[in-house]
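Visitor: My questions will all concern the structure given below.
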Amino acid sequence: MKSIYIETSISSYLTARPSSDVRAAAWQQITYQWWEEEQNKYDTFVSELVIVEASEGHPEAAGRRLKALENIPELPISQEMGELAKSLMAGGGIPLSSEADALHVAISAVHRIDYLLTWNCRHINNATTKPIIRKLCEEAGYICPEICTPLELLSEG
Numbered sequence: 010m011k012s013i014y015i016e017t018s019i020s021s022y023l024t025a026r027p028s029s030d031v032r033a034a035a036w037q038q039i040t041y042q043w044w045e046e047e048q049n050k051y052d053t054f055v056s057e058l059v060i061v062e063a064s065e066g067h068p069e070a071a072g073r074r075l076k077a078l079e080n081i082p083e084l085p086i087s088q089e090m091g092e093l094a095k096s097l098m099a100g101g102g103i104p105l106s107s108e109a110d111a112l113h114v115a116i117s118a119v120h121r122i123d124y125l126l127t128w129n130c131r132h133i134n135n136a137t138t139k140p141i142i143r144k145l146c147e148e149a150g151y152i153c154p155e156i157c158t159p160l161e162l163l164s165e166g
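Plus 9 on top of the position in the sequence shown (first one is 1) and you've got my numbering.
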């Protein structure tokens, strides 16, 4: 089975109250569909960082996010991942102000995860910066996971 790292935005869209924003509502529906129909086709992982981020905010919403993630194994975070995250920021792959986003990529790369699933299209799943992120991971000796949204991993039919 291929492996997949669930970044925090996935649990947020999965468990949020229905949005009146058309794009957010679509992302919620797609996330729910992927979670119900596709998640079991992967070895699924999170990290302590995901758990910490999912714990933030309104207590009721945080509770829903944590419940969705409760049976997913946590990948350990090491100094090696912190160093790769710094390289991703220093090399222009991820903004210096987005250390957590860089760490999500680094955790996935160091653990040799196949896919990093995210709705963070500003700093992680960005068409302009993904080639830079891939190059920086490779230069550091790692294979960058395929960074994608749940929409990209839905089975046809």
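Ideal Cβ placement from N, Cα and C applies to all residues, glycine included.
In whole angstroms, give me the CA-to-CA distance for glutamate 104 and proline 27.
Guide: Numbered from 1 along the sequence shown, position 95 holds the residue referred to as residue 104. Numbered from 1 along the sequence shown, position 18 holds the residue referred to as residue 27. Looking at the sequence shown, residue 104 is not glutamate but proline. Taking the straight line joining both Cα atoms gives about 30 Å.
Visitor: Kindly list the residues whose CB is nearer than 6 Å to the CB of cysteine 146, restricted to its own chain and excluding five residues on each side of it in sequence; keep chain order.
Guide: To locate residue 146, count along the sequence shown from 1; it is residue 137. Correct list, in chain order: Ala118, Cys153.
Visitor: Where DSSP assigns a beta bridge to valine 119, which residues make up the other side?
Guide: Within the sequence shown, residue 119 is the residue found at index 110, counting from 1. Note: valine 119 sits in no beta bridge, so no partner.
Visitor: At which residues does the beta strand (DSSP E) containing serine 12 begin and terminate?
Guide: To locate residue 12, count along the sequence shown from 1; it is residue 3. That run of the beta strand (DSSP E) goes 12-15.
Visitor: Isoleucine 97 lies in the alpha helix (DSSP H); which residues open and close that run?
Guide: To locate residue 97, count along the sequence shown from 1; it is residue 88. The sequence as given places leucine at residue 97; isoleucine does not occur at that position. Per DSSP, leucine 97 belongs to the alpha helix (DSSP H) from 88-99.
Visitor: Leaving aside the five residues before and after isoleucine 122 along the sequence, list all residues of the same chain whose C-beta is less than 6 Å from its C-beta, in chain order.
Guide: In the sequence shown, the residue the question calls residue 122 occupies position 113. Excluding sequence neighbours, isoleucine 122 sits near Ser12, Tyr14, Pro154.
Visitor: Contact defined as beta carbons within less than 8 Å: I believe tryptophan 43 pairs with tryptophan 128. What is the distance between those atoms, to the nearest angstrom?
Guide: Locating residue 43 in the sequence shown gives position 34, counting from the first residue. Locating residue 128 in the sequence shown gives position 119, counting from the first residue. With a Cβ gap of about 11 Å, tryptophan 43 and tryptophan 128 do not count as contacting.
Visitor: Is the Cβ-Cβ distance between lysine 144 and isoleucine 156 less than 8 Å?
Guide: By 1-based counting over the sequence shown, the position of residue 144 is 135. By 1-based counting over the sequence shown, the position of residue 156 is 147. No; because the gap between Cβ atoms is not below 8 Å, this pair is not in contact.
Visitor: In terms of residue numbering, what span does the beta strand (DSSP E) encompassing cysteine 146 cover?
Guide: Counted from its first residue, the sequence shown places residue 146 at position 137. Note, cysteine 146: premise wrong, no beta strand (DSSP E); alpha helix (DSSP H) at 139-148.
Visitor: Does the distance from the CB of isoleucine 133 to the CB of serine 56 come in under 8 Å?
Guide: If you number the sequence shown from 1, residue 133 lands on position 124. If you number the sequence shown from 1, residue 56 lands on position 47. It is not a contact, given that the beta carbons lie outside the stated cut-off.
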